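Asker: Okay, so the sequence shown: first residue is 1 according to full-length UniProt numbering, each after it adds one.
Each residue gets a CB set at the ideal place from its N, CA and C atoms; glycine is no exception.
Remember, predicted model here, so these are calculated numbers, not experimental data.
Pasting in a structure now, in structure tokens, and then I'll have a few things to ask.
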Amino acid sequence: MTETRTVSFTQMKDGTREDYELLEQLEKPYLALTPDRVLDELRRQDEVTLEGYRITRLTHGLQSATRAERDGADIDWIVGALLHDVGDGLAPQNHDRFSAEVIRPFVRWDVAWVVEHHGIFQSFYYGHHYGWDRDARDRFRDHPCFDSCAAFCERWDQSSFDPDYDTRPLAHFEPMVRQVFARKAYDPEVVREGYLSKLSE
């Protein structure tokens, strides 16, 4: 019978170096399964039709990613497009920020920024129907990622609610998700803070 290893403390402040080295070691297999949990969440989104829309939440993400890939976007943008609404299930009122935090450790900073802010940029297309300020995104007009976020929404997000679009399946994107989430978290060479990438070639 395998012995279960546990820490000695009941309050974190009482933990020893050995306790925390043990936790670090035990956490590695859990961290390695992050892409599996992300993919499972995407599969769950296929069970939820966007209320009032003609497609599921998963189809919207797949369609966004398909458009990004067909535009010649790189892997960070494609995975960002695929996962831009992954937070809908747990955080529907702030899904954009939730989704950004899922990908932030593993993608360029501008991709994470765009995903984080796509909600307010997306409201440009419908906000006026609710009496909202459709130009609320203008508060970010001077941000270096403004144009990228506007283009992301125009080309890949707002246009991806078409049940007849030739959308690629999740299996097509799964290797990309695994590749991105296999990166070292917050690697400066990946995050590239301050670097502005093109959405597509």
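1. Spatial neighbours of residue 78 within its chain, please: C-beta separation below 8 angstroms, excluding the five flanking residues on both sides.
2. Along the alpha helix (DSSP H) that carries residue 144, what are the first and last residues, could you check?
3. Using 10 angstroms around the beta-carbon of residue 248, count the other beta-carbons present and answer buried if the total reaches 16, otherwise exposed.
4. Roughly how many angstroms separate the alpha carbons of residue 161 and residue 115, rounded to a whole number?
5. Does residue 13 have its Cβ less than 7 angstroms from a Cβ in chain B?
6. Is residue 56 helix, strand or coil by DSSP?
7. Assuming the contact rule is C-beta atoms closer than 8 angstroms, residue 89 and residue 44 should be a hit. Round their C-beta distance to whole Å, please.
8. With a cut-off of 8 angstroms on the beta carbons, I'd call residue 83 and residue 99 a contact; round off their distance for me.
9. Can you confirm whether the stretch 29-45 touches the stretch 140-150 when touching is taken to mean that 3 or more C-beta pairs between the two stretches lie within less than 8 angstroms?
10. Which of the three DSSP states is assigned to residue 48 in this structure?
11. Go to residue 99, then tell me how far its alpha helix (DSSP H) extends in each direction, as first and last residue.
12. When the Cα of residue 4 is compared with those of 11, 17 and 22, which residue comes out closest?
13. Suppose only complete runs of 4+ residues qualify. What are the alpha helix (DSSP H) ranges in the stretch 113-175, listed by chain order?
14. Going by CA-CA distance only, name the one from 117, 163, 155 and 15 that's closest to residue 200.
15. Near residue 113, which residues of its chain fall below 6 angstroms by C-beta distance, leaving aside the five closest residues on each side in sequence?
16. For residue 136, which of 7, 121, 58 and 74 has the nearest alpha-carbon?
17. I need the straight-line Cα distance from residue 182 to residue 20, nearest angstrom please.
18. Let me check understanding here. Comparing Cα to Cα, which of 13, 117, 198 and 184 lies closest to residue 141?
Answerer: In this structure, then:
1. 65, 68, 69, 173 and 176
2. Residue 144 -> no alpha helix (DSSP H), and no H or E assigned at all.
3. Missing from the structure shown is residue 248; the chain here goes from 1 to 201 and no further.
4. 18 angstroms
5. No chain B is part of this structure, which consists of one protein chain only.
6. strand
7. 7 angstroms
8. 6 angstroms
9. no
10. coil
11. 95-103
12. 22
13. 146-152
14. 155
15. 145
16. 121
17. 23 angstroms
18. 117
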